[in-house]
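Here the structure comes first, spelled out in structure tokens, and everything after it is commentary.
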Amino acid sequence: MKKTVRNLVILGVIIIIVLVFQPFYILQEGEQAVITRFGKIISVQTESGFKIKVPLVDNVVKYPNKILSWDGQAQRIPTKENQFIYVDPTSRWVIQDPAKFYETVNTVASAQYRLDDILDSTIRTIISENYLNEAVRSTNQINNMNVVETIQSVDDEQQAEYLRNLTSTTLKQETISTGRDALSNQMLTQAETFTQEFGIELEDIVIRQIRYSDDLTLSVYQRMIKERNQIAEAYRSYGRGRQATWEGKTENETKQILSGAYATSEQLRGKADATATDIYADAYSSDPEFFKFWRTLESYKKTIPQQNKILSTDMVYFDLLYTSLPTSLR
Amino acid sequence: MAFNFYTSGEDNNNNSNPRPPKQGNVNVSPKLIMGIIIALLVVIGILTSFFVVDQTEQSVILRLGKYQKTVGPGLQTKIPFGIDKNYNVPTQVVQTMTFGYRTTSGQTFTTNTSTDYTNESIMLTGDLNIIDLEWIVQYKIEDPYKWLFKVNDQTKTIHDVSRSVMNQLVGDLPILAVMTNERTTIEIEAQKMMQTTFDRYGLGVKVVTIKLQNIVPPVGDVQDAFEDVNKAIQDMNRYINEGKEDYNSKIPAAQGEAEKMILVAEGYSAERVNNAKGDVSRFTSVQKAYETSKDITSTRLYIETLEEIFTSDTSNLTLVDKNLENFLPISNITAPNSTAVTTNGGTN
Chain H
1 MKKTVRNLVI LGVIIIIVLV FQPFYILQEG EQAVITRFGK IISVQTESGF KIKVPLVDNV
61 VKYPNKILSW DGQAQRIPTK ENQFIYVDPT SRWVIQDPAK FYETVNTVAS AQYRLDDILD
121 STIRTIISEN YLNEAVRSTN QINNMNVVET IQSVDDEQQA EYLRNLTSTT LKQETISTGR
181 DALSNQMLTQ AETFTQEFGI ELEDIVIRQI RYSDDLTLSV YQRMIKERNQ IAEAYRSYGR
241 GRQATWEGKT ENETKQILSG AYATSEQLRG KADATATDIY ADAYSSDPEF FKFWRTLESY
301 KKTIPQQNKI LSTDMVYFDL LYTSLPTSLR
Chain W
331 MAFNFYTSGE DNNNNSNPRP PKQGNVNVSP KLIMGIIIAL LVVIGILTSF FVVDQTEQSV
391 ILRLGKYQKT VGPGLQTKIP FGIDKNYNVP TQVVQTMTFG YRTTSGQTFT TNTSTDYTNE
451 SIMLTGDLNI IDLEWIVQYK IEDPYKWLFK VNDQTKTIHD VSRSVMNQLV GDLPILAVMT
511 NERTTIEIEA QKMMQTTFDR YGLGVKVVTI KLQNIVPPVG DVQDAFEDVN KAIQDMNRYI
571 NEGKEDYNSK IPAAQGEAEK MILVAEGYSA ERVNNAKGDV SRFTSVQKAY ETSKDITSTR
631 LYIETLEEIF TSDTSNLTLV DKNLENFLPI SNITAPNSTA VTTNGGTN
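So the protein lines, in turn, are chains H and W. Per this note's numbering, residue 1 is the first one in the first sequence, and the count goes up by one each step. Per this note's numbering, residue 331 is the first one in the second sequence, and the count goes up by one each step.
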């Protein structure tokens, strides 16, 4: 009975000691720690697990042993050509030397402030030393690219080519020498010399976004609009031109067709007339006298009935009216 | 906030520290207290030594903070009293992150950055134009251990890297290429680049797919101008078609007209020649007859002709006597019982 009570007391005391003095600590995965004794660093723990320390005397400062992110504010920075752009950077960093980190910045929060200072100024420096192109582009591939507008309902390849040239927007871009990646690396190298002082290693600095400043945006919009307008007008004008061409073609072909047909038809008629003339001449030339007589009579038949006539009886036809009967009948 | 995706199995372990037994109460025997304490410990021990891992999850077990193992779905055991801790990570679930817009339903990523999301889709293209590009990233956690313990702010990291990669890719292309034929290339390249970066970080994430959604010029006048180009292409086609319409409405008609002219001329030709032939053959026939008896035939022809003339149209025929001895207009010489003939005959 007594023994049990005593055991319980001992157990309780041990538990209290453990709770109050904590002669051990647990370092989780993704954590590292600096152990100080009376303010002096005695060891650095990067391995996770169950650790022993001297209670009351040793102080454990835990830091993340992970990649941390630094989230920059978008800064308004002039580029080398003095265009104002917003650069929104972000960076990954690790506490590489916890002891140094403990000495110099002490907490993650204050490290963020240090990084703000270092990175902001680094980024500002690098960006303003370079042209906008260098920050935006990574390679020169843009100058080898040919964006082809898809053009339908154009009559032939030549016309399509013409239209493509007309609406082509492949303005040659300036050649860049460094590019975005290289700029990031420059920033990284430059910033690293400072961050090493704090036991911080930078994984990377990347530009999350580059954007024109607001007033610049407006003028870029204007330029884009004009560029599009120009192309739109090219299409319309081309369309009107083609329409005119078609109209001309129509007129041309109409006239050609009709006049050609006229020529052919007159030729046919002429030939026929000639043939007819030949036929007549051939036949009639055998007896011109009879032809004259015959043809005249034929002509009378056609012409005389058409006219108002006051005829004199002074014609052979009426001779009998005035002469006596033929002798045989008398 | 840091670890959104696992549930901790350690909630009970604050209760597991046994309290020192109360000594003052004489009614309660220490044995009973011991019994209660032991029973409590057993209950808590049992409660904290089992945990459930869902089919969609894997669970990472840390023993005293150190990585022990990763276990799969089902009922799993661990050492109780917070010595083993389990972190369940949804490794089978494909998670979607959207950029430039947010869907209101589902488990979409909630941004904890200060930038608002209409801005994140605005980018500069290689020809220094502005474009509004929306996209999604689908990823799943491949290595739960890395996911949990290698990188802080994992989703934010994915978010940042994705934005940076997309900006970089778009920044290398002309605006029209981004809008048209380079879409797929961008998706493929972005996936590759993001995966490389995540592997470098040791994030334990596999990028499943990247899909570009809406790629448009900035809303407003610029978009209108882009639209206008499309309209202009339509206009162009309309103009051309109008021209063609004009052509098609006239040329076939003209061709018909031409054929008609030629056909008419051919008809004329045939007629002319045939007439000539007919005329000639008649003439020839008559001539033959004429040859045999010239006088008779000529007289006959003459009389027949005049007869035909006078009988064909008699309405305005006035006949005047050649001698004018008796002015006798024979107004209707062909009428039956013609007075003129009888009268004339009478005078002689």
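The beta-carbon is built from N, C-alpha and C at its ideal position, and this holds for glycine as well. Everything numeric in this text was worked out from a predicted model, so none of it was measured.
Minimum Cβ-Cβ distance from residue i to chain W less than 8 Å
| i | result |
| --- | --- |
| H:PRO305 | yes |
| H:MET187 | no |
| H:ASN144 | no |
| H:SER213 | no |
| H:GLU161 | no |
| H:LYS66 | yes |
| H:THR254 | yes |
| H:SER177 | no |
| H:PHE101 | no |
| H:LEU268 | yes |
| H:ASP120 | no |
| H:SER265 | yes |
Neighbourhood of residue i by C-beta, 8 Å cutoff - its chain only, sequence neighbours within 5 removed
| i | result |
| --- | --- |
| H:SER312 | none |
| H:SER184 | ASP204, ILE205, VAL206 and ILE207 |
| H:ALA135 | THR79, ILE85, VAL87, ILE127, ARG180, LEU183, ILE207 and ILE210 |
| W:THR455 | ILE461, VAL500, GLY501, LEU503, PRO504, ILE505 and VAL508 |
| W:ARG513 | LEU542 and ILE545 |
| W:GLU472 | THR421, GLY534, VAL535 and LYS536 |
Below-8 Å beta-carbon distance, residue i vs any chain H residue
| i | result |
| --- | --- |
| W:VAL535 | no |
| W:GLN543 | no |
| W:MET524 | no |
| W:ASP529 | no |
| W:GLU572 | yes |
| W:LYS408 | no |
| W:GLY501 | yes |
| W:GLN521 | no |
| W:PRO474 | no |
| W:MET427 | no |
| W:ASP414 | no |
Check whether residue i and residue j have beta carbons under 8 Å apart
| i | j | result |
| --- | --- | --- |
| H:TYR235 | W:PRO548 | no |
| W:ALA584 | H:THR245 | no |
| H:PHE38 | H:THR104 | no |
| H:VAL34 | H:PRO64 | no |
| W:PHE411 | W:ARG493 | no |
| H:MET224 | W:ALA507 | no |
| W:LYS470 | W:VAL423 | yes |
| H:GLU201 | H:GLN96 | yes |
| W:GLY501 | W:MET453 | yes |
| W:TYR620 | H:LEU297 | no |
| W:GLY395 | H:LEU27 | yes |
| W:GLU587 | H:LEU268 | no |
| H:ARG114 | H:GLN75 | no |
| H:ILE345 | W:LYS607 | Shown here, chain H extends from 1 to 330; a query on residue 345 of chain H therefore has no answer. |
| W:THR487 | H:SER69 | yes |
| W:ASP554 | H:ASN229 | no |
| H:LYS301 | W:GLU638 | yes |
| W:MET524 | W:VAL495 | yes |
Sequence-distant residues of its chain with Cβ nearer than 7 Å to residue i (five each side left out)
| i | result |
| --- | --- |
| W:ASP457 | PRO504 and ILE505 |
Among the options, nearest to residue i - alpha-carbon criterion
| i | options | result |
| --- | --- | --- |
| W:VAL552 | W:ASP462, W:ILE367 and W:ILE374 | W:ASP462 |
| W:PHE528 | W:THR407, W:GLN484, W:LEU542 and W:ASN459 | W:GLN484 |
| W:VAL383 | W:GLY573, W:MET364, W:ILE581 and W:PRO420 | W:PRO420 |
| W:TRP465 | W:LEU542, W:ILE488 and W:GLY501 | W:LEU542 |
| H:ILE41 | H:GLU233, H:GLN267 and H:ASP58 | H:ASP58 |
| H:GLN22 | H:ARG295, H:THR36, H:SER43 and H:ILE52 | H:ILE52 |
| W:GLN498 | W:ILE639, W:PHE381 and W:ILE516 | W:ILE516 |
| H:ASP117 | H:GLY260, H:VAL54 and H:ALA191 | H:ALA191 |
| H:THR36 | H:ILE14, H:ALA99 and H:LYS3 | H:ALA99 |
| W:PRO418 | W:VAL603, W:SER611 and W:LEU405 | In the sequence on display, residue 418 of chain W carries Asn and not Pro. Out of W:VAL603, W:SER611 and W:LEU405, W:LEU405 has the C-alpha closest to the C-alpha of W:ASN418. |
Cβ-based neighbour list, residue i, same chain, cut-off 6 Å, excluding 5 preceding and 5 following
| i | result |
| --- | --- |
| H:PHE290 | none |
| W:GLY375 | PRO410 |
| H:LEU166 | ALA234 |
| H:SER138 | GLY179, ARG180 and ASP181 |
Short CB-CB distance (under 8 Å) between residue i and chain A
| i | result |
| --- | --- |
| W:LEU405 | Here the protein chains are H and W, and chain A is not one of them. |
Closer than 7 Å, Cβ to Cβ, to anything on chain W: give me those residues from the segment 43 to 59 of chain H, in chain order. SER48, GLY49 and PHE50
Along the segment 224 to 238 of chain H, where does the CB come closer than 9 Å to a CB of chain W? Name the residues. MET224, ILE225, LYS226, GLU227, ARG228, ASN229, ILE231, ALA232, GLU233, ALA234, TYR235, ARG236, SER237 and TYR238
Any C-beta of chain H within less than 9 Å: which residues of the segment 608 to 626 of chain W qualify? ASP609, VAL610, SER611, PHE613, THR614, VAL616, GLN617, TYR620, GLU621 and LYS624
In the segment 449 to 471 of chain W, which residues sit with their C-beta less than 9 Å from some C-beta in chain H, listed in chain order? ASN449, GLU450, ILE452, MET453, LEU454, THR455, GLY456, ASP457, LEU458, ASN459 and ILE460
Please name the residues in the segment 369 to 393 of chain W whose beta-carbon is closer than 7 Å to at least one beta-carbon of chain H, in chain order. LEU392
Compile a chain-ordered list of the residues in the segment 483 to 500 of chain W whose CB is closer than 7 Å to at least one CB of chain H. ASP483, LYS486, THR487, ASP490, ARG493, SER494, ASN497 and GLN498
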